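*Asks:*
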Amino acid sequence: MGYERILVGLDGSKQADLAYTAACDLARTFSAELYLLWVVNRDRGMDWSFRVSDDFYQDQAQEAEGKIKPYMEKAQKTGIDVTGKVIIGNTKTVLATSFPEEHKIDLIVLGDTGLNALEKVMIGSHTSYVLRNADCSVLVVK
C-alpha cells in the first residue's frame, strides 16, 4: 500500500517535530506529496464570554507562516514535493475532515499530543479526535 498525499500537523511541539520527520521519510519512500498544516485554533479554551479580535488570529497566523517556512525549506532540500498551509479554524475539524477532504489526503501523520495535561482534560486531544473522525489512514508518532 502506498500513499500519494500525506498531511502532517505542525504546532511547534516536540511531538509535531517527530511527526514531521516521519512524514518526510514516508513522503520520500512513496514519492508522495507532503502537506504541512499549521492551524491557528480559534477554539482553544475559549468560551462565548471571552471574545478575541480577528486581528489576534491574523497575527497568530502571520507568526505561524514564519514558523512553517523552515519546515518547508528542509523538505524541499531533500526533494520532497511540499506545500505549507496556515489556516485559522478549529484544529480538530480542519485536521480530521475539511483539509483532508479538500486535498484528497490519504495519510495524516500527527504527534501523540501537543497539549499540556490541563488542556487535554479541558478540550481533549486533537490526535484522538482525528483518529476517531478522519476518513483516511492516521499515523500517530510517539
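Under the UniProt record's numbering, the sequence shown has 43 at position 43, and the numbering climbs by one with no breaks.
Where is the CB? At the ideal position from N, CA and C, for every residue including glycine.
Quantities reported herein were computed from a predicted structural model and do not represent experimental measurements.
1) Apply the 10 Å Cβ neighbour rule to G9 and answer buried if 16 or more other Cβ atoms are within range, or exposed otherwise.
2) Cα separation between K104 and R5?
3) Put I68 into one of helix, strand or coil per three-state DSSP.
4) Please confirm whether A96 has its beta-carbon closer than 7 Å to some beta-carbon of chain D.
5) Which residue wins for smallest C-alpha separation from D112, given the options K67, A22, A64 and E65?
6) CA-CA distance, L95 and T78?
7) Which two residues bound the contiguous beta strand (DSSP E) that contains L110?
8) With DSSP run on the structure shown, which of helix, strand or coil describes N41?
9) Applying the criterion that 16 or more other CB atoms from any shown protein chain within 10 Å of the CB defines a buried residue, is Q62 buried or exposed?
10) By DSSP, does T78 sit in helix, in strand, or in coil?
*Replies:* Straight from the coordinates:
1) buried
2) Each residue's Cα considered, the two are about 7 Å apart.
3) helix
4) Among the chains of the structure shown, chain D does not appear; only one protein chain is present.
5) A22
6) 25 Å
7) From DSSP, the beta strand (DSSP E) with L110 extends over L107 to G111.
8) strand
9) exposed
10) Secondary structure at T78: coil, using DSSP grouped into helix, strand and coil.
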